Structures are given as C-alpha cells and as structure tokens.
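6 protein chains.
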Amino acid sequence: MYSVTVRDHIMIAHSFVGEVFGPAQRLHGATFVCDVEFRRAKLDADGIVVDIGRALAVLRQVLEPLNYRNLDDEPDFRGRNTTTEFLCAEIFRRIAARIAEGALGPAATRDGSGDGGLASMKVTLHESHVAWASYEAALP
Amino acid sequence: MYSVTVRDHIMIAHSFVGEVFGPAQRLHGATFVCDVEFRRAKLDADGIVVDIGRALAVLRQVLEPLNYRNLDDEPDFRGRNTTTEFLCAEIFRRIAARIAEGALGPAATRDGSGDGGLASMKVTLHESHVAWASYEAALP
Amino acid sequence: MYSVTVRDHIMIAHSFVGEVFGPAQRLHGATFVCDVEFRRAKLDADGIVVDIGRALAVLRQVLEPLNYRNLDDEPDFRGRNTTTEFLCAEIFRRIAARIAEGALGPAATRDGSGDGGLASMKVTLHESHVAWASYEAALP
Amino acid sequence: MYSVTVRDHIMIAHSFVGEVFGPAQRLHGATFVCDVEFRRAKLDADGIVVDIGRALAVLRQVLEPLNYRNLDDEPDFRGRNTTTEFLCAEIFRRIAARIAEGALGPAATRDGSGDGGLASMKVTLHESHVAWASYEAALP
Amino acid sequence: MYSVTVRDHIMIAHSFVGEVFGPAQRLHGATFVCDVEFRRAKLDADGIVVDIGRALAVLRQVLEPLNYRNLDDEPDFRGRNTTTEFLCAEIFRRIAARIAEGALGPAATRDGSGDGGLASMKVTLHESHVAWASYEAALP
Amino acid sequence: MYSVTVRDHIMIAHSFVGEVFGPAQRLHGATFVCDVEFRRAKLDADGIVVDIGRALAVLRQVLEPLNYRNLDDEPDFRGRNTTTEFLCAEIFRRIAARIAEGALGPAATRDGSGDGGLASMKVTLHESHVAWASYEAALP
Numbered sequence: 000m001y002s003v004t005v006r007d008h009i010m011i012a013h014s015f016v017g018e019v020f021g022p023a024q025r026l027h028g029a030t031f032v033c034d035v036e037f038r039r040a041k042l043d044a045d046g047i048v049v050d051i052g053r054a055l056a057v058l059r060q061v062l063e064p065l066n067y068r069n070l071d072d073e074p075d076f077r078g079r080n081t082t083t084e085f086l087c088a089e090i091f092r093r094i095a096a097r098i099a100e101g102a103l104g105p106a107a108t109r110d111g112s113g114d115g116g117l118a119s120m121k122v123t124l125h126e127s128h129v130a131w132a133s134y135e136a137a138l139p
Numbered sequence: 000m001y002s003v004t005v006r007d008h009i010m011i012a013h014s015f016v017g018e019v020f021g022p023a024q025r026l027h028g029a030t031f032v033c034d035v036e037f038r039r040a041k042l043d044a045d046g047i048v049v050d051i052g053r054a055l056a057v058l059r060q061v062l063e064p065l066n067y068r069n070l071d072d073e074p075d076f077r078g079r080n081t082t083t084e085f086l087c088a089e090i091f092r093r094i095a096a097r098i099a100e101g102a103l104g105p106a107a108t109r110d111g112s113g114d115g116g117l118a119s120m121k122v123t124l125h126e127s128h129v130a131w132a133s134y135e136a137a138l139p
Numbered sequence: 000m001y002s003v004t005v006r007d008h009i010m011i012a013h014s015f016v017g018e019v020f021g022p023a024q025r026l027h028g029a030t031f032v033c034d035v036e037f038r039r040a041k042l043d044a045d046g047i048v049v050d051i052g053r054a055l056a057v058l059r060q061v062l063e064p065l066n067y068r069n070l071d072d073e074p075d076f077r078g079r080n081t082t083t084e085f086l087c088a089e090i091f092r093r094i095a096a097r098i099a100e101g102a103l104g105p106a107a108t109r110d111g112s113g114d115g116g117l118a119s120m121k122v123t124l125h126e127s128h129v130a131w132a133s134y135e136a137a138l139p
Numbered sequence: 000m001y002s003v004t005v006r007d008h009i010m011i012a013h014s015f016v017g018e019v020f021g022p023a024q025r026l027h028g029a030t031f032v033c034d035v036e037f038r039r040a041k042l043d044a045d046g047i048v049v050d051i052g053r054a055l056a057v058l059r060q061v062l063e064p065l066n067y068r069n070l071d072d073e074p075d076f077r078g079r080n081t082t083t084e085f086l087c088a089e090i091f092r093r094i095a096a097r098i099a100e101g102a103l104g105p106a107a108t109r110d111g112s113g114d115g116g117l118a119s120m121k122v123t124l125h126e127s128h129v130a131w132a133s134y135e136a137a138l139p
Numbered sequence: 000m001y002s003v004t005v006r007d008h009i010m011i012a013h014s015f016v017g018e019v020f021g022p023a024q025r026l027h028g029a030t031f032v033c034d035v036e037f038r039r040a041k042l043d044a045d046g047i048v049v050d051i052g053r054a055l056a057v058l059r060q061v062l063e064p065l066n067y068r069n070l071d072d073e074p075d076f077r078g079r080n081t082t083t084e085f086l087c088a089e090i091f092r093r094i095a096a097r098i099a100e101g102a103l104g105p106a107a108t109r110d111g112s113g114d115g116g117l118a119s120m121k122v123t124l125h126e127s128h129v130a131w132a133s134y135e136a137a138l139p
Numbered sequence: 000m001y002s003v004t005v006r007d008h009i010m011i012a013h014s015f016v017g018e019v020f021g022p023a024q025r026l027h028g029a030t031f032v033c034d035v036e037f038r039r040a041k042l043d044a045d046g047i048v049v050d051i052g053r054a055l056a057v058l059r060q061v062l063e064p065l066n067y068r069n070l071d072d073e074p075d076f077r078g079r080n081t082t083t084e085f086l087c088a089e090i091f092r093r094i095a096a097r098i099a100e101g102a103l104g105p106a107a108t109r110d111g112s113g114d115g116g117l118a119s120m121k122v123t124l125h126e127s128h129v130a131w132a133s134y135e136a137a138l139p
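Protein chains in written order, with numbering that gives the first Met the number 0: chain U, 0 to 139; chain L, 0 to 139; chain E, 0 to 139; chain D, 0 to 139; chain A, 0 to 139; chain P, 0 to 139.
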C-alpha cells in the first residue's frame, strides 16, 4: 500500500458540554495541525498517489471555512462537541466529497482510474505536543 | 476507525544480555518518550474516543513505577532484556489492566459501552531521534 | 552561558482588534506550546541552572490561570491584543515574579546566590508548525 | 504486532515528466528523511524485532548508492518519475533483498526463525515539514 | 527583545566545488526548511513584531524564485558554492530588501516607526534532521 | 554571524547527589540528543562555517567515550553531578580541544584562518520532549 500525507493547520475557538471535559467546558481554543494521508494500492500513470501540490490546495480549501472561527457558532456543529476526533471525521467527509467531485483529478477516484483510485484516507489533528487524534476509513 | 494519542516520558537505566547488543550490553540508559494510541470504531456519547486528560493521567500512573529506575533491579523484569519493543508490550499490558479496572470510565470498556468500547491500543517508545519501537494489539 | 529550557502548553480563545489581523479579528483560538529558557553564567552548588522538575512546576502554575480561557474576558488583558509575542512577555513577567518570591529556590535569585543567580530568561510560544514568537530579557 | 523503526537521510537531485508536476518538472532536489519500520508478531530469542544498530547499518548501505546523486542519471530509474512514493517502494525492495541475504541475521527471515521472522515493512520518506509518503507490504 | 519566526521551504538542486565537500561535489539536491526570525525591542501599535500572515507572504515571495531550481544555473550564484550557510545570508539580504521597500508595512522599518522598527533578523535553513545553518545580522 | 549545527545522540546511565533532585537521586538514565552549533563571522574560502560531514565525525568521536556508559563510574566525573547542563559544558570543552588540534581543518582555528576562524560554539542536550539544556561560549 502506498500513501502520501500533507500538512496544514487551523486556529479555532470552541467549548465542550459534559462533565468529563472539566475546564475544557469553558470557551477556549486550539491550533489543529492537520495531516491528511491518502492511500492507494498502485501508483497512477504519473507514478504518484496524488499530486502533493494539489493535495495541499484541496486541504487548504477544506480547512478555510473552519479557520479563525468559533466553532460553537457554526450551524453545522449545532449540538455537537467539536472534539479533536469529531473534527477529524468531519474533515475526512469534506475532503472525500471534494475528491468525489474530481478535485484531485480523475485518477484519484474509483471510477476515473483503471485500478480503483484512492483506497482510503486518514485525517490526524495534532492539538498539542502531547495529544492528537485521527479518523481513518475506506473511500467509497 | 477513530483514535486518540497522548504522550509522556520516562528516564531509566538498564543493560542487555546477548552478543547482538554490542556496547549496549554495558549498563547505560534511555529517555523513552511514550505515545499511547487508543482506538475505537465509534465515538462515545460525549463525542470522544477517551478523555485526553484522563488518558494522560492513566499513562502517568502506569509510567511512574518505571521512572528514574534501573530496570535491571526490577523483580518484574528478572531475566528479561528490557528492550524498547519489550517495554512497549509491558506498558500496553499495564494500561490494558487499568482500563479493565475502569480507569478510563465505563464507556472505554467493552462491557460498559453499547458499541464495544476501545477496540485496540498501540504503545510507541521513542528512544532517540533516529529509533523507536511499538506494540499494538486488540483490547479484550 | 548555561541554559535550561522546559516545555508545557495552554489552549485559549481570543480575538484581535486592528485591520492588519484580517480574519484573526474574529473570535478564534490557539494552542500555545510554551518553552521557558533559564540562563545563568555559572552552575549552582548542585551543578544545575535550575531544577527541571521545579521549573516545570512553576511553569504549570503560571500557565494554569490562562489555560482553557477566552483571553478577551480576562481583566488583565482589557484593551490589549493578546498576540503571541505579547503573551510571551506577560508569561515572562509572571515567571520572573515567582522567581523573585523564591519559587525556584534561593540559588535562582541574585541575592540568594553567590554568583548572581539566574541572569536572563526567554519565553517562546509556538502557535503552529509554521509560526512562533518569543520574548527575552535580563532578570532583575 | 511489534515494530522497530530507524531513521536516516539522503540528498538527491531529480526532475519529473508530466504536466501534473508543474514547476517540479524542472531539475530540482530533495532531502529525504527516511524511516524504515520492521514488524513481526513475536519478539525473537533476544527480545527484539531487529537489532537497531544493525537496522541502521543496513539502511545506510541501501541509501548510500542513491545519496548525493542526480536520480535522472541513474540507469535503474530510466524512464520513471522518481517521486517520493516511487522511491519508498524502491528502497523497500532493496532492504527486503538485503534481509533475504541475511543482513539482519537469520532470526529476521521466515526460514531462519521459528516464528516466521519479519512479517512486514514500511518505508516512509519525508520530503519537507508538510509532505511525506510511504510504501508498506508484507515480506515474502 | 521580542521576536516572531515563520517557516516555509524550497526544494533545489546544486553541486559544490572543493575537495572538502567529498560526494557533495556531485549534482545532488536538498529540501531547505526555512525559518525567518524578526526581532524588535518594542511591540508596534498593534501589539506585534510583524504580522505573521504578511511575514509568511514575504517569505514565500522571496523563496519562489529559488524553488524547484538547479542553483548551478542561476546567474546570481555563478562561481559560488550555494552552501546552506551561504543561502541563509542570501535569503536574509532579499528579505531585508523587501522590508526596506515596505513589504512588511511602515512600522517594520526604522524610519516608518517611532521606536526603530525591526532591529535584526535571523534566517535558518534546515537541510536534514541532523544539520542546519543560519545567518543573523542587524537590519539597517 | 553565521552558524552551522549538527546533531547526534548518546544513551547513558547516571544518578545525582542532592535533595533537590528527588527521585533522580536513584540510578536512572537518559538519551541525550546532542546539537553542536559552530559560529563564525565570515564564511571561509569554501563558502562554509565548517564542513557538515567533518563536524558530524568530530561530534561522533567526542560522544563515543560517553556512549552506553554509566557516568557514575567515569573517573572524569568523580564527585560531580553529571547534569544535562554540566555535560553540555563538558562536551563543549572536548570539542573545543579537538578543534584546537585541527580536527575541523586549519580554517576553523583562529590561527589557521585569515579572519579569526570559529568565534563561538553552543552545545545543547535534549533530555526529553519537554526539557533541554545548553552551554555556549567563545572559542579561544
């Protein structure tokens, strides 16, 4: 299995509901350094999993609407704890949707490629030097 | 699959038995920066894999009896080479035992949760900027 | 010149006033990984600049009142942009005050030591993998 | 599953053929920080996955013929884009061949060990602080 | 003294002339992860050393003409060894020129600010996980 | 001022005398990741501060007699606490002695170069992901 991973980041505010969160129930914030790993079984005709420049551009586009925001005010997250692991899955879904629309080119999709295109993806968010979370799943 | 990883460290002395170890047969030591990854298929009712603060506390408790020790003197390790990979599995077992006792809350255990709780765990020990080891396995 | 540096972190929310800040004028947040460097010309009688465990404890005490907060609501910061570089100087002042009170022991202060104690200090806050700030100055 | 990972690096020049590469079609270069992860189900008789010193030596030997080279001039890569992910697989094959020859000792090979020896391997090349690639596969 | 540092990178090819360079006399390449530290004695009216977004933009503009190039072909470097430390000073000069032109705003220059503007700058280029170089100097 | 820094590491055992050290009074150990920064005002005739390969070789030679040792048994350290900051100064002295002997070539010494050779040096030892120490001084 081959993979390519690219990194970018966002800076957000949020608060959590639930006793387990202790002081993190207060409004606070985080820098999330975000790694997205793209995996496929075979390299495409250009000898790549996905073009790194294009992958960085798609990641930037997906992160932009979250960046410099208070996630407590985002309609998409109403009634949800925007924990690090929850956000990993949310970013996964948004990137997967962009891939399906062709943002990484036809070779990245199962239909557009002879060998199945991207097989799976993993999104990791680093919230500090001592804690990070991830979500990984197959791509449709 | 979701995951959350937390980091802490220990500083220990030890020596190895066996020609393959060369100069590491002498009494020496290591800083082990320890990452523990907790994995589960679905987030719990609070939207988390495990609370990061609680995970850091359990890791600290498990590492404490090993910290600032000469592992050659520890009865638990009599007759064993306390290699980096061996210690990964040992720390895995000790954390797994704490989880079974409920140290990460009922949602972390297979019985205490509706969806199976924590599925697996991975322990990584970084011994330098150029070498690290890990042990991963399913949780019972 | 000798130095010892210790690391910890905080997670805060804030917003900035001023056109130069662009989207960072909105309420957002940051993880600040905080490094504090203590410098002295000679080692003390124990052979150290400052005890690392004690330094980590003082740093934790100074960071705690800022952690998991919206800095816009802190009376101390009323009317100020709590930029990364501003916070470096603020944390510097708070640690310097604790040192003067003896939190790092008598050998750390100019009066309590034969050779002048700690000479200077540098506080660095990492706000992401691509940006950080610092403030350094002599200790009184 | 146990693993041990070791790190080294190479500095190479190359260029790519294909419109998708944009400015990387020009002759340029890269530092590749190379991590090789060795995995096995059980520790060997010495309590290790593989000796770290020996693993570093084999990695060095495999990287040496690529180091300080223009990969466009290497006969082995004629007509291929030496992308980061392509090179991961190439380094994988070369290390696998060395293991088969016994470079990591008999316990590392399926035949030389009672429990199957090394099960799989993963090669990761970091090309910058924001991009890396990997190739992983079972060992024969 | 306050500082703000930002990071970006380039990927280049080059070769060196001189026996001291050994195998690095051959055409090879490097990823240079580039950190630029801006220093000033007092924060400006907005409470900053320099806007981080603007600093990243200036760094990008200065690095772009070097990126994905064979430095042996650049007229600016004819007859020079483009060593890591040489390139640090070159990037320093190019950024200093942009600052003088006002690219970081009037508050960044000695004339445009009441308190002297930026006092000095340091450029660091990381060529691998085990080697880096820097150049620092006062700003005119 | 120009600088070049190189990195290597050692793994040692030791214990400390003095109540301030708490549990670190017990025999324990550390991995010290060691960075040595060489500084000079002007580049030499080859366009370098010091050759990186040669610098790494000298660092390796200086670290070797300390590596895989119990420092409590080393005659050189009899009656001394081998704290991180103490070892920084010790490694500084040993490298300075090698430079004086010509190990980095004539251009590195004040006498062997037209412009003063290496001006100063800084040795940093990282003992964990949250603590490091350094010693810096002018070279004679």
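Note that beta-carbon positions come from the ideal geometry of N, C-alpha and C, so glycine has one too. Computed from a predicted structure; not experimentally measured.
In the structure shown, alanine 102 of chain L adopts coil according to DSSP, grouped into three states.
For the set D:Glu73, D:Asn66, D:Ser14, D:Glu18, the Cα lying nearest the Cα of glycine 21 of chain A is the one of D:Asn66. Taken atom to atom, the span from the alpha-carbon of valine 129 of chain L to that of valine 5 of chain D is near 5 Å. The beta carbons of alanine 12 of chain A and leucine 70 of chain A sit about 7 Å from each other, so the pair counts as a contact at 8 Å.
Beta-carbon to beta-carbon, leucine 117 of chain P and arginine 39 of chain P are separated by about 5 Å, close enough to satisfy the 8 Å threshold.
With respect to chain E, the C-beta atom of isoleucine 98 of chain U has no partner C-beta closer than 8 Å.
Following the DSSP letters along the chain, one finds glycine 28 of chain A inside the beta strand (DSSP E) bounded by residues 27–39. In the DSSP assignment, valine 57 of chain A falls within the unbroken alpha helix (DSSP H) covering 51–62. For glycine 116 of chain P, no chain L residue has a C-beta closer than 8 Å to its own C-beta; the minimum C-beta separation is roughly 29 Å.
A direct Cα-Cα distance of roughly 13 Å separates glutamate 84 of chain D from valine 32 of chain D. Judged by beta-carbon spacing, arginine 53 of chain P lies beyond the 8 Å limit of glycine 115 of chain P, meaning their Cβ atoms are not closer than that value. Threonine 82 of chain A is a Cβ neighbour of phenylalanine 15 of chain A, given a cutoff of 8 Å. By DSSP's assignment, glutamate 89 of chain A forms no beta bridge with any residue.
In the DSSP annotation of this structure, the continuous segment of the beta strand (DSSP E) that includes methionine 10 of chain A starts and ends at 1–13.
Excluding sequence positions up to five before and after isoleucine 51 of chain L, its CB lies within less than 7 Å of the CB of Val3, Val5, all in the same chain and listed in chain order. Boundaries of the beta strand (DSSP E) harbouring threonine 123 of chain E: 119–127, taken from the DSSP string. The alpha-carbon of alanine 56 of chain U is positioned some 28 Å away from that of isoleucine 98 of chain A. Only residues of its own chain outside the window of five on either side were considered, and among them Phe15 have a CB closer than 6 Å to the CB of alanine 23 of chain A, listed in chain order. Taking all protein chains shown into account, aspartate 72 of chain D has fewer than 16 neighbouring C-beta atoms within 10 Å of its C-beta and is therefore exposed. Close to phenylalanine 85 of chain P, with beta-carbon spacing below 7 Å, are these residues of chain E in chain order: Leu42, Gly46. Around the Cβ of glutamate 36 of chain E, a 10 Å sphere holds 16 or more other Cβ atoms; the residue is buried. In the DSSP secondary-structure assignment, glutamate 135 of chain A is bridged to A:Lys121. Cβ neighbours of leucine 62 of chain P within its own chain (closer than 8 Å, five residues either side excluded): Asp7, His8, Ile9, Cys33, Ile90. In the three-state scheme derived from DSSP, where H, G and I count as helix and E and B as strand, alanine 95 of chain E is classed as helix. Pairing arginine 109 of chain D with proline 139 of chain D, the inter-Cα distance amounts to about 8 Å. Rounded to whole angstroms, the separation of the alpha carbons of lysine 121 of chain P and proline 74 of chain P is 25 Å. Counting every other CB atom within 10 Å of its CB across the protein chains shown gives arginine 59 of chain A a total below 16, marking it as exposed.
C-alpha of alanine 102 of chain D to C-alpha of alanine 29 of chain D: approximately 28 Å in a straight line.
Counting only residues of its own chain and dropping the five nearest sequence neighbours on each side, leucine 42 of chain E has a CB closer than 8 Å to the CB of Tyr1, Val48.
Linking histidine 125 of chain A to glutamate 135 of chain A through their CA atoms gives a straight-line distance of about 15 Å.
By the CB criterion at 8 Å, alanine 44 of chain E and alanine 107 of chain E fall outside the cutoff. In this structure alanine 88 of chain U is buried. Its beta-carbon is surrounded by 16 or more other beta-carbon atoms within 10 angstroms.
For the pair serine 119 of chain L and alanine 95 of chain L, the CB atoms are not nearer than the 8 Å cut-off. Leucine 62 of chain A has a beta carbon lying at 8 Å or more from every beta carbon in chain D.
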